[in-house]
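Report on the structure given below.
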Amino acid sequence: MEELIRYLAESLVEQPDRVRVYTKETRHETIIKLRVAQQDVGRVVGRNGRVANAMRALLEVAARNHRKPVLLEID
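Residues in the sequence shown are numbered from 11 upward in steps of one, following the working numbering.
Structure below.
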């Protein structure tokens with residue numbers, strides 16, 4: 011799942027070398043943190059959050075076999 015988010019983010023931003031993806035497992039959920047350059051945040055979030063919501067929907071599908079919910083946080 012981390013690779014999926016990295017691939018999508020690198021495809022969207024102007025500075026793909028500044029894309030960082032971190033995963034944190036907790037007892038009840040998996041949190042994927044996405045960090046991009048400040049000027050690329052708008053590209054990753056999209057108008058009214060549409061791009062971010064699309065990425066979350068893809069994560070949801072990819073995580074179906076995962077036993078915990080997966081959350082995407084964008085910094």
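C-beta atoms are modelled at their ideal positions from N, C-alpha and C, and glycine is treated no differently.
Note down the Cα distance separating residue i from residue j, rounded to an integer number of angstroms.
i   : j   : result
E70 : R57 : 21 Å
R77 : I41 : 13 Å
P22 : V54 : Reading off the sequence shown, one finds Leu at residue 22, where the question assumed Pro. Approximately 7 Å between the Cα atoms of the pair.
A67 : I15 : 11 Å
I84 : E35 : 16 Å
G52 : G59 : 9 Å
N63 : R37 : 24 Å
Less than 7 Å between C-beta atoms, sequence neighbours within five positions excluded: which residues of the same chain meet that for residue i?
i   : result
E12 : V31, T33, I42
A72 : M11, L14
M65 : I15, L18, L82
I believe residue i touches residue j by the beta-carbon criterion, under 8 Å. Please report the beta-carbon distance rounded to the nearest angstrom.
i   : j   : result
D50 : E24 : 6 Å
V29 : V46 : 6 Å
Excluding the 5 residues flanking residue i on each side, which residues of the same chain have their C-beta closer than 8 Å to its C-beta?
i   : result
R39 : Reading off the sequence, residue 39 comes out as Glu, not Arg. K78, P79, V80, L81.
Could you tell me the boundaries of the alpha helix (DSSP H) in which residue i lies?
i   : result
E70 : 60 to 72
R53 : 51 to 55
Could you tell me the boundaries of the beta strand (DSSP E) in which residue i lies?
i   : result
R45 : 40 to 45
E24 : From DSSP, E24 is part of no beta strand (DSSP E); its letter is neither H nor E.
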